Structures are given as C-alpha cells and as structure tokens.
Amino acid sequence: MPVDQAALDAVALSREEYDLLVQRLGREPNEVELGMFGSLWSEHCGYKNSKPLLRLLPSSGERILTKVGAENAGAIDIGDGRCVVMKIESHNHPSAIEPYQGAATGVGGIVRDIFAMGAYPVAILDSLRFGPLDNPQDRYLFHGVVAGIGGYGNCLGIPTVGGEVFFAPAYAGTPLVNAMCVGIAEIDKLLSARAQGEGNVLLLVGADTGRDGIHGASGLASRTDPEARFEEMRPAVQVGNPFLEKLLMEACYELASQHRDWVVGLQDLGAAGLTSSVVECCAKGGSGAILDLENVPRREQGMTPYEVMLSESQERMLVIAKKEHVAEVTALFERWELHCAPIGVVTAGRDVVVREHGVEVARVPVDIATDPPQYRRDGVRPAELAELNAFDPGTLPDLAPADAAPALLRMLARPNIASKRGVFRQYDHQVLANTVVPPGGDAAVLRVPGTTRGIAVSTDCNARLVYLDPYTGGAIAVAEAARNVVCTGAAPVAVTDCLNFGNPERPDVYYTLEQAIRGIAEACLQLGTPVVSGNVSLYNEAGGRPVYPTPIIGMLGLLEDVSHHLRAGFEGPDCQVVLLGAGLEQPAAALGGSEYLEAEHGRVAGMPAIDLALEQRLHQLVLRAHAEGLLLSAHDCSEGGLAVALAEGCILGGWGLDGVRDLPGRLDAALFGEAQSRIVVTIAADVFRQGGGLARLRDLGEELGVPVTFLGRTTREPRFRFGPVDLPVDELRRAYEALLDA
Amino acid sequence: MRFAIVRFPGTWSDRDTYHVLHDILGQQAEILWHRETDLARFDAVVLPGGFSYGDYLRCGAIARFSPIMEAVTAFAEAGKPVIGICNGFQVLCESHLLPGALVRNASLQFRCEWVYLRREGGPSPWVDAIPQGAVLRIPISHGEGNYYADPETLDRLEASGLVVFRYCDAAGNVTPEANPNGSARNIAGIINARGNVLGMMPHPERAGEPLVGGDDGNRIWESVIRSALAAVS
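One line per chain: the protein sequences are A and B, in this order.
The first sequence begins at 1 in full-length UniProt numbering and counts up one residue at a time.
The second sequence begins at 1 in full-length UniProt numbering and counts up one residue at a time.
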C-alpha cells in the first residue's frame, strides 16, 4: 500500500527518504515501523544534515575517555581515577511553545544523559537567547524559561552555576534554551549505553508511559513550524516531574557506583523515547532485542504500540541488567520507590522486534535504523554579509569626552551587559556545597568532591559576531569560553557544543553552519580543547528568518588546587590594574559587531577578527603569572569592551579605580571596542609593594609575545576614574543592576 | 556526638550536612532513609533541606507522614536536640513540633543568596554558644520560606524568647530590606518552648568552610556539640 504524503509529513520524512527506506528494507514499513524510522532518521536523532560537518571537529586527546557521539556524554580524565562527564543540549522548540515545561524538561533530559553514564551530576549551566524584553511575548518566554529551569533544577539538588542570557531581535519568538550538565564519576564505574549478552533483560525504570511528547523528535525539532501551529503542537511538549527524576538519579548513581557489575548498560529515554533508546543500545552493543509492550507500565489505557514506542514521557531510564542480577536491580529501584518493569530481552540478532501479547507489530533492522541518509550540501555566503562586513565604524563620529560617562552608564544597563543576578538568584547555585566561585563572574569554579582539585565551567557565544562572520565568530566563541575559564586560573581542557541554526536546507544557513563548525574546529585545535560531546538544533526560525547562528560553547577547565583560583572582581585597594593583550589604542574596526555599535548607533555591522595564536599565548601568560602567585583577579574583556570590564571589576569587588586619564586614538574604540584576546588583571598588593609584580608580568609578556599595559590602581574610595569618566561606583552599580527585577 | 540525618524522598541537603558534620567537624553522622523507625542510637536529629515528595501538595505536608516522623516526634518530646533546616523546618511546622507555617516568598520567586542572621532569644542547645546579638552570614535557598503565624502566636514567640534568628543587615539591624522572603517580623528561625527543637530556613550546612563562602554555619553545630559535652560531664 503506497503511503500518503500526510503520513510522511507526520514523521517528517521526504518521499525520497521513504523510497530509500523501502529499498533497503525490501518491503513497505508498517505504521509502527514508519513512526520508528521517521524518528530515527530525523535531523534530531539522525543528524543527517550535520554529521558530515561534525566530523571536522577535533574530538580526541590524551584526557578524553569517550568517542564523540558514541555515548550519552563525553568523559574527561581529571586525575585521581576520576573523570568529568559533560554535555550540552538544546530544548529550543519545546520552549518556544511552552516555556516553563520546555525549559524544565530540557534540564531533565541533559541531567539524565549525565547520570546514564554512571556519573553524579554536580553542575548545570544554561545558555539562553531571547528577543528584546520590551516585547510582551519575549518577556513571557524569558520568565517562563527561567522559572522552568529553576523549578526543575532546584528540586533536583544540582546547583545551577552558570550560563548566559543574551537578547537580540533575531530571537524574537524563537528563544534558544541550551542546558549543560557536568557530572563526576570514578573512571572504572563509568557505564555505557549498550545492550549486550543474549538473554540479558531490558528494564524500564521510572515514570509510566503516556501519550505526551509523541513526535517531539521528528515533528518539533526537525523542521520549521509556522507559529500558527504552536497551539496544536503544544501536546508534543512533555511535562516534567523533577521529584521522580531526583529518585531516578539517586537510584542510578547507587547502581553505577556500588553495583556496576549487575548491569551491562544504562540509557535514558529522550527524543523518540523507547524507540531510540533501545535501537541505539542495540547498535552500540552489536545486538538485537525483543520488546513485549504489554509489560510497559502505562499512564493511560488504550495506547497503541505506535504511541508506546514514540512516547517521550520524561523521567524514564532503560537498564540493561545481567540476567542473573535482575532481581537485585529491581529491588534496588523499588527501594527508591520507583517502578521497574522487565519489557524485553537482548537477542543475538540484529533486529529490534516489537511484540504486543505475543504478536509481532514491528521489526526494525538496527543497521538501517541507525544509518540515515546524510546530506552534504553546498552553502552560499549570505548575500547581506558583503555590505555589512565592508562597513567602517571609522565613518561614525567619535564619542565626545563629555558623553563618555553617560554612555558607560547606558552600556552597563544594556540587558546584554547588566548583571544577571536577578536570574541566577532564582537558581540554587550552592547545593552540594562545592561552589567556590558562584555565578556572576567569568566562569564558575567548583570543588571536585573529596579532592583538593577544582573545575571551572563556562558557556559562551557572541552570536552577533557569528552572524557577521560565521568562521571567525565560531572561533571567537571557543576563544572566549576558554578565556573565561582561564580568568579563574584554570587550564581549558575540553569543549561540549550546541549548534543552534536555522533550516539547513537553505544554502545561506548551511554555509553559516559549515563555516562556524570550521572556525570552532580551528580554535579547538589551536587551544587544545577537543569537542567531547554536543548537540545540533536546526530549524530555529520564525517569520521566515533564522535566528543568529548560535554555536554555544561549553568549556571545561581544570585547577590543580581549587583554593588557588581567581575571581573577576577587584580584590582590594592599592592593586595595580593591568591589561594583557591588545593595548589602549584601538582602531575603529574594533567596534565592529560590538554592543556599543548596536546600542549607540543601531548598527550590527563590521568584520570580527581574532588571532588564535595570540589568544593561546594570552592564556599561557595568565596561567603562568597565576602559578607564580602574581595575580589577585582576572576578568575577560568582552561585550562592552575595556570600560565595561573595568567597571565590572569595581562593582563586583566594591573598590574604586584610579585609572589612566589620557586615552590614545578614538575614544569610543578605546572605551567600548571589543578587540579579542584581552584580559584585565590585578596584581596583589603585597607583591606590588615588594616591587616585582609588574616588572615580572612585563617580562613574561615579552617572553610570550603578549602586550602588557598598565591601566591604574584600585582605590579604597569607591570612585571610578578612567579616561574622561569619573563616577561613583554606586552609580555604576545601579546601572548594572537594571535587570534585577525585570 | 552521633547525628541522624533523615533522608526523605526528594531531600538534597543530606550529603552537605553529612560533609560538614563528619568531614569538617569530625562528628559521627549517618544518613537515614525515611522508612527507618529507630533513633535510639543517636544524640541529635537533622531534618535537612530539599523538596521532600517534590513539595507536591504543600511543602513538608507528605513527609510528616513518613514512617520515621513518629520516632522524630518521640525524640523531640524526650527533650533531645532536633533541627529542621529549610524543608526540614517546613516538616517540623507541618508536624506541629513548631508553630506557624512557611508560605511562598513575598517576591513570588525562589531565592538563593547569602543573608545575615541576628542571634536572639533562647536558651537552646542549638544557639547557647552563640552570643546574643551576634550576626551570622549564612545562605538561604528556598521558594517558600516566608514565615507566617497569627499575631498572638508571634507575640508569644517573641515574649518567650523563642525567636532565635532574625534576618538583618551586616551590622545586625533588623530592617525590611534585609528580609529576603517577607517573613513576619523578619523571623528566620524559631525554637520550641523547651528549646531542643530548632527550625530555620537558612542553610548552616552550606556555610561550613571558607572555600565555599564562609563557615558561620558551624557556630550552630558547635553549640549543640558543646551542650552535649556539657550534659555528659
């Protein structure tokens, strides 16, 4: 029976893909099989547009324990037999439709990926993008997403320690919600998502299965839906139960950490539910499986096999238990007051066979299901870029000295720069008592429990720069995320990335995707930070326009001694303030793509630039100076430029600045230019008094080829003096807290 | 001293409390699943923070029916020290071991931040070693920590010295600005008439070492440890 177009649309398969499927199967799939293949061959599960490009990313290194894409998350050896497990994932489409539950279940999903590896989750970070807050719809999305993240994460008892929030018209009605989770495991207790060993038992643990979330993977996340369909798509958004997830997390961690030998694999149920969970485990284990659907605990009566196989009900895990330990595993989950049902067995074949009451309802060859067609397209550079890149900010009038102070106050109050305390105080960022540097600085620092080591984590992406030049912008996203962790004294070691783009079938979007990945790849190679895990979210468009291309970079850094870390705020009076990297005089081009250019001149234009070799030398300089004990604080100089970085140093630390008054060159570029690869550091007062600090820093700078510029001294008097700006720090703080009750 | 740390389904400050009591203060501590019923081997009981039963229905409303709560009530009635922190405070109120209730923060938002507490009232083994008027810096982390009781109860609590912690500023001034959640009369922690049961919203177990922001929380644990030693000698 030839399948009609409506059935294909329901699973987001093209006619060509369907014909290919029929050819490889040697028959027409039945309805259940079509649903299963449609999900597994979707962009969301099958990465059919992005996989060939993702191979460009460096993914191996001496610390890296996992093969990228092979497991639920990437694992990095951090010494002492321990590893960090991390991944970032998007939940953009559900959050656009139902912000609270979309964001909440995004957190739930990424946390399950981490404890599926046998790790204990120790940190969550959220990278968020919204349209401007003066639009009521975007305001609603912002509040809903923040409340959803808090509502879920706070209940789990995992600290939300970082992330960023960025606003731009390009995200109006199309928010990006990326959640990153970091866990810690003992290396020999790591679990794999695999089904192996004929006769071993598939146990479905946690929530009962309902009709929620059907077609989440194929429908929501793998195409562009007109906003008019949001109401109708709302039932495809799942509803979270963080309490259940908390129990599931504790039970799975107990299983992995104390009874690793009872199981062969552990896998979460995410996009495409039971279908992808079972098929992927079989693919990894080189096995097959038989499922008996009547054993799947249901939330409601009358569910069809199609619905059971594609349900995306949250808070469910698949345990592949050794047949001789099924009773013990079941008892463990029941002690945690969780349902645990045997729903199938591992077979020696290569098919996933789905039965209901003994009747076969689907037979899916694993090798076909996990080998979707892959598309390598030809991209075209977006036509608008030529004119935007050619724009010369030097043609604009310079900032008058008398206007510098008001401009700084306006910049500090910009939603993209202002303090996000109003957001992160809604998240529990302290539970587990490992949070050493809380949110609000460049990166969060956490103690590795039971050790004196630390990790620094950050997410970053200045999408305006990726928009203006995807290759350079992609590289800058990596450089800036690495710079953030370097500012805490940590050495950057690994990346997880979440690539948020529009419809890849458009040549201009495909071009930005490819170029951004190439830029990320180059920066990761240069900075020695392989990509260990990640996620791709395409079809992020509204009103026919894609969002800014937004490759979010999650960066991990390591500190040998967690007590020896740095913060962004100035730590005391009488410290020398020093700029590392490009000096005070900046060309007008440094305003290209800057927050200032958009804020004060309404232009998003120019050509971003970065010298990755300089970036790497800058990191070496900071880490060496810190190892020698020269530094007291370090702060990345990024959005808003040097004036904003210095003001933040004063606001966060509560001290004043007596800075240089004569700024060379264009005033706007010196104050607010966003040249890359710059870090503001302070030198400890005692080192300074001994007379050697700055001289030593200059020597190191000369050796490494990084400019070192003296900017002034911190003062006890809380007054900010830099260039023509002379303002009380309290006034800066009031501007900086503009978003507090937004 | 032997501490029982009760773990309800959804509790999350159990590990942090264990870390402070065992790893930092060198005490004996054990995390007990809520189905346990025997507290005979313990000198003090901690009901830690978290979202017991997901805070569904009402914070602490389901946990009060957990099997262990009968033993906790008997333990408290025997005059032995019991502390409820955050969700534990909510459970103590739901169990009527302490008066009043914790309702939604006045901001209608969850709040996680460092606050200052002024020590008042007493006596109680939990605070006896902390000087009157001393200011402690300890974090809060809750969405429903807004202490509520009728005016007569509040008057009685104050007159009897049962309010032992109030939200204040760094200098110890009790002001509306220093009140993070709208609690009646800035109340952050109260004791029962006998003084052995303390309920407080702020998290002393999160202020156990300078590395994570401060160790003022230890003054509370040290107080109860000292009072136990005094009782023995």
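We put the beta carbon where it would ideally sit given N, CA and C, even for glycine.
Small disclaimer: the values here were computed from a predicted structure and weren't measured.
To the nearest angstrom, how far is it from the Cα of LEU57 (chain A) to the Cα of SER533 (chain A)? 10 Å
Does the count of Cβ pairs from the segment 76-86 of chain A and the segment 534-553 of chain A closer than 8 Å reach three? Per the Cβ contact rule, the segment 76-86 of chain A is not in contact with the segment 534-553 of chain A (fewer than 3 Cβ pairs under 8 Å).
I need the DSSP call for PHE722 (chain A), collapsed to helix, strand or coil. strand
Can you name, in chain order, every residue of its own chain whose Cβ lies under 6 Å from the Cβ of ALA588 (chain A), other than the five neighbours on each side? The residues are PRO393, GLY394, ARG666 and ALA669.
Would you mind sorting ARG299 (chain A) into buried or exposed? The rule is 16 or more other CB atoms within 10 Å of its CB. exposed
Should PHE65 (chain B) be labelled buried (16 or more other beta-carbon atoms within 10 Å of its own) or exposed? Classification of PHE65 (chain B): exposed, given that the 10 Å Cβ count is below 16.
Report the rounded CA-to-CA distance for LEU274 (chain A) versus ASP730 (chain A), giving the unit in angstroms. Taking the straight line joining both Cα atoms gives about 55 Å.
Give the interface partners of LEU211 (chain B) over in chain A, defined as CB-CB distance under 8 Å, in chain order. VAL436, ARG447, VAL562 and SER563
So, for LEU623 (chain A): in the same chain, excluding its five sequence neighbours on each side, which residues have a beta-carbon less than 8 Å away from its beta-carbon? VAL486, GLY489 and ALA491
Restricting to Cα atoms, I'd like to know which of A:VAL239, A:VAL604, A:ALA521 and A:HIS93 is closest to VAL312 (chain A). The sequence as given places Glu at residue 312 (chain A); Val does not occur at that position. When only C-alpha atoms are compared, the closest one is A:VAL239.
Distance between beta carbons of GLY109 (chain A) and TYR171 (chain A), contact taken as under 8 Å: Their Cβ separation, rounded to whole angstroms, is 21 Å, which puts TYR171 (chain A) and GLY109 (chain A) out of contact at 8 Å.
Cβ of SER66 (chain B) within 7 Å of any chain A Cβ: no
Chain B contacts made by the segment 168-201 of chain A, where a contact means CB separation under 7 Å: none
Answer yes or no: do CYS637 (chain A) and VAL680 (chain A) have a C-beta to C-beta separation smaller than 7 Å? It is a contact, given that the beta carbons lie within the stated cut-off.
Positions along the segment 102-117 of chain B whose CB lies within less than 8 Å of some CB in chain A: GLN109, PHE110, ARG111, CYS112 and GLU113
Local conformation of GLU585 (chain A) per DSSP, three classes: coil
Would you please verify whether the beta carbon of PHE243 (chain A) is less than 7 Å from any beta carbon of chain B? yes
Would you kindly check if the distance between the Cβ of GLN515 (chain A) and the Cβ of ILE610 (chain A) is under 7 Å? no
Contacting residues, own chain, Cβ-Cβ under 7 Å from GLN616 (chain A) (five flanking each side not counted): GLN526 and LEU527
Counted within 10 angstroms of its Cβ, other Cβ atoms place PRO226 (chain A) as buried (16 or more) or exposed: Note that PRO226 (chain A) scores a pLDDT of 49, beneath 50, so its modelled location is shaky; the value from the coordinates is reported in the next line. It is exposed - the Cβ of PRO226 (chain A) has fewer than 16 other Cβ atoms within 10 Å.
Residues that ASN178 (chain A) bridges to, as DSSP identifies them: For ASN178 (chain A), which the question treats as bridged, DSSP gives the partners A:SER90 and A:SER127.
Segment contact, 8 Å Cβ cut-off, at least three pairs: the segment 46-60 of chain B with the segment 119-132 of chain B: No, the segment 46-60 of chain B is not in contact with the segment 119-132 of chain B.
If contact is defined by three or more beta carbon pairs under 8 Å, each pair taking one atom from either stretch, is the segment 194-213 of chain B in contact with the segment 76-95 of chain B? They touch, by the three-pair rule.
Using a C-beta to C-beta distance shorter than 8 Å, which residues of chain B count as neighbours of GLN426 (chain A)? GLN109, PHE110, ARG111 and CYS112
So, under 8 Å CB-CB, TRP41 (chain A) and GLU17 (chain A) are touching, yes? Tell me the CB distance rounded to an integer number of Å. 6 Å
Inter-residue CB distance, VAL72 (chain B) and LEU39 (chain B) (contact presumed, cutoff 8 Å): 7 Å
So LEU247 (chain A) contacts chain B; which residues on that side make the cut at Cβ distance below 7 Å? PRO9
In chain B, which residues lie less than 8 Å from GLU337 (chain A) when you measure between Cβ atoms? PRO9
Does the separation of the CB atoms of LEU244 (chain A) and GLU337 (chain A) fall below 7 Å? no
Is the segment 14-26 of chain B close to the segment 708-724 of chain A, with three or more CB pairs under 8 Å? no
Looking only at its chain, what residues have a beta carbon closer than 7 Å to the beta carbon of ARG661 (chain A), apart from the 5 residues adjacent to it on each side? GLY723
When the cut-off is 7 Å and only beta carbons count, does ASP169 (chain B) lie next to chain A? no
Please decide whether HIS34 (chain B) counts as near chain A, where near means a Cβ-Cβ distance under 7 Å. no
On the DSSP bridge list, what partners appear for LEU559 (chain A)? Paired residue(s): A:GLY454.
Helix, strand or coil: how does DSSP classify ARG35 (chain B) here? coil
The alpha helix (DSSP H) spanning TYR18 (chain A) covers which residue range? Following the DSSP letters along the chain, one finds TYR18 (chain A) inside the alpha helix (DSSP H) bounded by residues 15-25.
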